[in-house]
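Residues 4 to 279, numbered by the working numbering, are exactly what the sequence shown covers, in order.
Presented below is the structure to which this report refers.
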Amino acid sequence: MAAGCWNTSGKSEKKSYSTFLIPDPPRTGWSLDRQLEEGGFAIELLAREKTLLVVSESGAANLWTVGRGLQKVRTEESNLYFNAKSPWRWCEFSAHPRVMVYADRTGAELTDFRASGAHHTLFRISSTSDCRSGERLLLCRYLGDVNAFHHLVATQVRRGLLIFCPFVLQHSAYVMDERFPCVPMLKCDHMMQAPPLFCHVASASDRGMGETTKVLLGSHSSQEITLLQYSGESACSSRGAPQALLRPSDSLTHLPVQIPHRQQAAAQRLASPAAG
């Protein structure tokens with residue numbers, strides 16, 4: 004198995020990529036691209052048992068199986084719950100191999116491949132006018148390594164203030180259980196300055212003797228890394244306040260001193276925006 008990232012748009016001026024985990028990536032990746040009508044859009048691919056889940060910015064979700072080809076499992080021409088004016092889409096597998104999570108800026112739904120139109124809300128932005136105008140879903144990740152039914156959802160709330168300070172950003176994280184949709188098992192305000200775009204969860208082997216689930220959230224430009232900890236399954240409880248970890252750009256002072264030009268090169272590399 005090998006991971007790869009290739010341009011699927013065929014246009015050098017537009018950076019659209021596919022990232023996936025499959026054997027013989029170049030040949031399989033290009034054959035998949037030829038089957039996609041909207042190959043010029045950014046596409047996310049996730050692998051499970053020789054099956055890839057593909058979603059494009061056009062709103063189409065496709066199931067691609069090695070040896071069987073492409074099957075369109077869902078199409079959404081607009082946002083799920085209200086018009087957020089955003090083409091961003093996300094999909095991934097859930098606890099059941101024939102059920103996927105389909106998300107956009109307004110919420111996330113569970114879609115069953117086995118039945119037509121079988122969509123169930125997992126999480127949604129509130130229907131109040133304040134939430135519709137200011138809150139957006141930014142991150143949705145399946146936490147299957149630690150719990151087969153848990154999903155992490157991160158949102159950003161933009162609230163208006165006074166004229167001289169037009170808005171303030173508030174970032175929240177939710178732990179959702181797909182067995183109990185629309186009811187957060189846990190909510191916390193992680194107080195990051197920039198929205199979290201990356202997520203890593205500690206696997207069961209990394210948790211040691213404890214039963215605490217550890218989730219790392221990371222931002223792009225500000226390089227923030229925040230640790231969230233919780234315990235429990237059907238009933239979750241927070242294990243303390245979110246912890247801000249050392250940023251890569253701040254770690255240089257803890258490394259051995261180098262000669263000036265190497266020190267400067269290391270500082271420039273560590274100051275680069277985070278990529279994952």
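All C-beta atoms, glycine included, are put in the ideal place defined by N, C-alpha and C.
Backbone secondary structure at residue i - three-state DSSP
i: Gly120; result: coil
i: Gln77; result: A quick correction: the sequence has Arg, not Gln, at residue 77. DSSP places Arg77 in strand when its eight states are reduced to three.
i: Gln266; result: helix
i: His99; result: coil
i: Leu66; result: strand
i: Gln246; result: strand
i: Ser237; result: coil
i: Thr256; result: helix
i: Gly147; result: coil
i: Cys94; result: strand
i: Ser89; result: coil
Cβ-Cβ distance between residue i and residue j below 8 Å
i: Val204; j: Val149; result: yes
i: Arg127; j: Tyr177; result: no
i: His193; j: Pro245; result: yes
i: Phe116; j: Val76; result: yes
i: Ala268; j: Leu255; result: no
i: Leu113; j: Ser97; result: yes
i: Leu125; j: Met179; result: yes
i: Leu220; j: Met195; result: yes
i: Thr68; j: Lys53; result: yes
i: Arg144; j: Cys202; result: yes
i: Ser175; j: Val186; result: no
i: Ser3; j: Tyr233; result: Absent from the model: residue 3. The displayed extent of the chain is 4 to 279, so no value can be given.
Where the beta strand (DSSP E) through residue i begins and ends
i: Arg108; result: Neither: Arg108 is in no beta strand (DSSP E) and is coded neither H nor E.
i: Leu55; result: 54–59
Cβ-Cβ separation, residue j to residue i (assumed contact under 8 Å), whole Å
i: Leu146; j: Pro199; result: Contact flag wrong, Cβ pair sits at about 14 Å.
i: Ala223; j: Ala247; result: Rather than Ala, the amino acid found at residue 223 in this sequence is His. In fact, because the Cβ distance is near 16 Å, the residues do not count as touching under 8 Å.
i: Ala64; j: Cys94; result: 5 Å
i: His154; j: Val218; result: With a Cβ gap of about 11 Å, His154 and Val218 do not count as contacting.
i: Pro184; j: His123; result: 6 Å
i: Arg108; j: Arg139; result: 5 Å
Residues bridged to residue i (per DSSP)
i: Gly221; result: Phe201, Ile228
i: Lys190; result: Tyr177
i: Ala157; result: Leu142, Ala176
i: Phe126; result: Ala111
i: Thr2; result: Because residue 2 is not part of the residues shown, which for the chain are 4 to 279, the question remains open.
i: Gly72; result: Thr68
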